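Asker:
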Amino acid sequence: MQEINRERRTIAAVATAVAPGQGGIAVIRLSGPDSQRAVRAITSFPGEQVWESHRVLYGHVMAADGLERLDEVLVLLMQAPRSYTAEDVTEIHCHGGVMAVQRVMARVLEQPGIRRALPGEFSQRAVLNGRLDLTRAEAIGDLVSARSQRAAQLAMAGVDGGIQRRIKALRECLLDQLSELEARVDFEDDLPALDGQALLRALQSVRDELLQLVADGERGAVLRQGLRVALVGRPNVGKSSLLNRLSRRERAIVTDRPGTTRDLLESEIVLEGVPITLLDTAGIRSTDDAVEQLGIARSHDALASADLVVLLFDLSEGWTAEDQALRERIPADVPYLLVGNKADLSDAVAPADVHLSAVTGAGEEQLVEALLERCGAVTDGSLLLSLNQRQADLARVAAAALDRSEQVAADGLPWDFWTIDLREAIHSLGEITGEELTESVLDRIFSRFCIGK
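Everything in the sequence shown is counted per the numbering used here, starting at 6 for the first residue and increasing by one.
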């Protein structure tokens with residue numbers, strides 16, 4: 006990694022989620038040379054407790070007057086380099102919720118030399134100090150934000166170093182090839198002839214592996230980010246009933262009266278390991294009701310923002326001109342499924358991707374399978390590693406550079422022409438692993454992390 010300025014000032018942040026009435030404890034983390042001094046200054050410890058690394062101490066955080074106890078706490082000491090950031094780290098474990106955490110945090114920030122941490126700054130320091138490599142740090146961020154068990158498994162593969170090892174091995178292969186080429190550029194008359202076709206095959210093999218990693222990253226992105234699926238149809242075709250069935254709870258009011266849903270309802274679910282946000286839209290029709298018109302306008306917006314549209318129609322009424330008009334409203338770049346609902350009320354056969362009864366559940370399994378397949382979100386055990394967007398973009402750049410070697414070989418150009426694209430590929434892979442980085446790139450990466458991580 007290029008030399009980057011390391012700030013030595015001590016930082017502090019709440020490292021756990023904070024919400025009213027949620028969480029029995031909260032953790033306030035400090036990292037830097039003044040972390041222990043700051044905590045000693047605000048905490049009273051009864052008895053003879055030994056301050057040494059990786060011990061837990063008991064005490065109370067005191068108000069500035071030294072009389073009022075703000076909270077009963079445990080303090081965990083971790084001296085450098087045996088900590089998350091490889092700096093001196095001190096954690097205050099206080100009561101959860103909101104007010105207790107805020108009062109303790111305010112006392113911490115009152116201490117000289119302490120400032121509030123920026124998003125992802127703890128992880129950034131861990132990378133700068135050599136405690137973590139960049140891909141592991143990014144995987145920790147993915148693990149924290151994982152919305153399904155499968156996404157957490159993929160993130161953990163990154164935390165364990167799977168991405169780092171794979172990319173580093175490919176980069177070292179390219180470095181070996183580059184050293185061979187540079188030797189020929191300088192001392193070709195003194196060395197055995199280099200087999201250009203064998204070299205080209207080696208570069209193409211690395212390129213193919215990179216492209217496979219990019220494809221796996223696209224599949225993994227669905228698991229990390231999830232899908233937005235809009236349920237669209239005429240009033241009273243069963244959109245709300247389907248939402249409730251897939252959500253396994255009564256999220257939407259269901260009646261026989263058309264136009265019951267007046268607003269856009271959202272429900273978070275997980276189907277086959279894929280996080281999905283279901284959007285129950287207002288039934289689209291002509292109406293004079295001002296409130297319903299607002300809901301219909303939001304339904305149109307949902308059509309454009311969805312990753313997939315499920316267009317429901319009533320099998321008992323058949324495919325109507327209004328259904329056709331709705332299908333024509335779906336943007337051309339948004340995939341959709343035609344789902345005939347109320348199969349329990351009709352034996353009619355109508356062209357549809359799935360026949361369903363949202364009331365009885367008949368056809369639900371087929372709907373889930375078709376939904377995931379249409380979005381390209383079908384996952385299996387073959388997906389072991391998943392690059393994030395930054396990593397995948399760099400892998401594409403490296404693969405494109407290696408791809409250009411074919412033209413260089415076809416044109417019969419000298420070896421030094423081969424080294425140009427090879428160096429570009431090596432540099433791009435180094436940016437993935439953190440071996441070729443600048444301070445601005447690091448700042449951009451970690452700014453997407455949560456504060457306290």
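Here a beta-carbon is modelled for each residue, glycine too, at the ideal position from N, C-alpha and C.
Keep in mind it's a predicted model, so treat the numbers as computed, not measured.
1. Which ranges would you report for the beta strand (DSSP E) in the stretch 299-361 if only whole runs of at least 3 residues count?
2. Terminal residues of the continuous alpha helix (DSSP H) containing ASP213?
3. With respect to the alpha helix (DSSP H) encompassing GLY435, which residues constitute its N-terminal and C-terminal limits?
4. Which term fits GLN396, buried or exposed, when burial requires 16 or more other beta carbons within 10 angstroms of its beta carbon?
5. Across which residues does DSSP place GLN27 in a beta bridge pair?
6. Going along the chain, which residues of its own chain have a beta-carbon closer than 7 Å to the beta-carbon of ILE274, five neighbours each way excluded?
7. Out of SER452, THR95 and ARG74, which has the shortest C-alpha to C-alpha gap to VAL44?
8. Can you check whether the CB of LEU79 is closer than 8 Å to the CB of ALA68?
9. Comparing C-alpha positions only, which one of ALA309, LEU434, LEU114 and GLY345 sits nearest to ILE335?
10. Pull up the CB-CB distance for VAL113 and ILE47, whole angstroms please, since I reckon it's below 8 Å.
11. CB-CB under 8 Å to VAL103, same chain, minus the five flanking residues each way: which ones, in chain order?
12. What whole-angstrom Cβ distance do ALA512 and GLY243 have, given they're in contact under 8 Å?
13. Near LEU372, which residues of its chain fall below 6 Å by C-beta distance, leaving aside the five closest residues on each side in sequence?
14. Between which two residues does the alpha helix (DSSP H) containing VAL402 stretch?
15. State the start and end residues of the unbroken alpha helix (DSSP H) segment that holds GLU370.
16. In whole angstroms, what is the alpha-carbon distance linking THR443 and ILE145?
17. Just to confirm my understanding: we take ASP261, look at its own chain, exclude 5 residues before and 5 after, and list those with CB closer than 6 Å. What are they?
18. Once you ignore the five residues that flank ALA403 on each side, which residues in its own chain have a CB closer than 6 Å to its CB?
19. In whole angstroms, what separates the C-alpha of ILE258 from that of ARG239?
20. Would the stretch 316-333 count as touching the stretch 209-223 if we require 3 or more Cβ pairs under 8 Å?
21. Taking buried to mean at least 16 other C-beta atoms within 10 Å of its own C-beta, is ILE425 buried or exposed?
22. Which of the three DSSP states, helix, strand or coil, is assigned to THR265?
23. So, is ASP319 buried or exposed, given that buried needs 16 or more other C-beta atoms within 10 angstroms?
24. Nearest-angstrom Cα distance between GLU436 and ALA151?
25. Please report how far the alpha carbon of ASP338 lies from the alpha carbon of LEU317, in whole angstroms.
26. Within the same chain, show all residues whose beta-carbon is closer than 7 Å to that of ASP293, passing over the 5 residues directly before and after it, in chain order.
27. Can you give the beta carbon distance from TYR63 to ARG136, rounded, assuming they're within the 8 Å contact cut?
28. By Cβ distance below 7 Å, which residues in the same chain neighbour ARG256 in space, the five residues on each side in sequence not counted?
29. With C-beta atoms as the reference, is ARG14 less than 8 Å away from GLY125?
30. Quick one: is GLN182 buried, meaning 16 or more other Cβ sit within 10 Å of its Cβ, or exposed?
31. Compute the beta-carbon to beta-carbon distance between GLY231 and VAL279, rounded to the nearest angstrom, for a pair I have assumed lies under 8 Å.
Answerer: Reading from the atomic positions:
1. 313-319 and 341-346
2. 201-230
3. 420-438
4. buried
5. ALA24
6. LEU251, SER252, ILE281 and LEU283
7. THR95
8. no
9. ALA309
10. 7 Å
11. VAL23, ALA24 and PRO25
12. Limits of the chain in this structure are 6 at one end and 458 at the other, which puts residue 512 out of reach.
13. VAL359 and LEU361
14. 394-408
15. 369-379
16. 21 Å
17. Bear in mind that a pLDDT of 44 at ASP261, under 50, signals an unreliable position, so the number given afterwards is only what the model happens to contain. Closer than 6 Å at the Cβ level, and outside the excluded window around ASP261, lies no residue.
18. LEU215, ALA430, SER433 and LEU434
19. Its pLDDT being 37, under 50, ILE258 is placed unreliably by the model, and the measurement read from it follows with that caveat. When rounded, the distance between both Cα atoms is 16 Å.
20. no
21. exposed
22. Confidence is the limiting factor: at THR265 the pLDDT is only 43, short of 50, which leaves the residue's position unreliable, though a coordinate-based value still follows. Note: THR265 maps to coil in three-state DSSP.
23. buried
24. 24 Å
25. 19 Å
26. A caution first: ASP293 carries a pLDDT of 49, below 50, which makes its placement in the model unreliable, though a value can still be read off. Cβ within range, chain order: n/a, list empty.
27. So it is not a contact: roughly 28 Å between Cβ atoms.
28. Per-residue confidence for ARG256 stands at a pLDDT of 44, beneath the threshold of 50, marking its modelled position as unreliable; the derived number appears in the next sentence. Excluding positions up to five away in sequence, the list reads LEU248, ASN249, LEU270 and SER272.
29. no
30. buried
31. 7 Å
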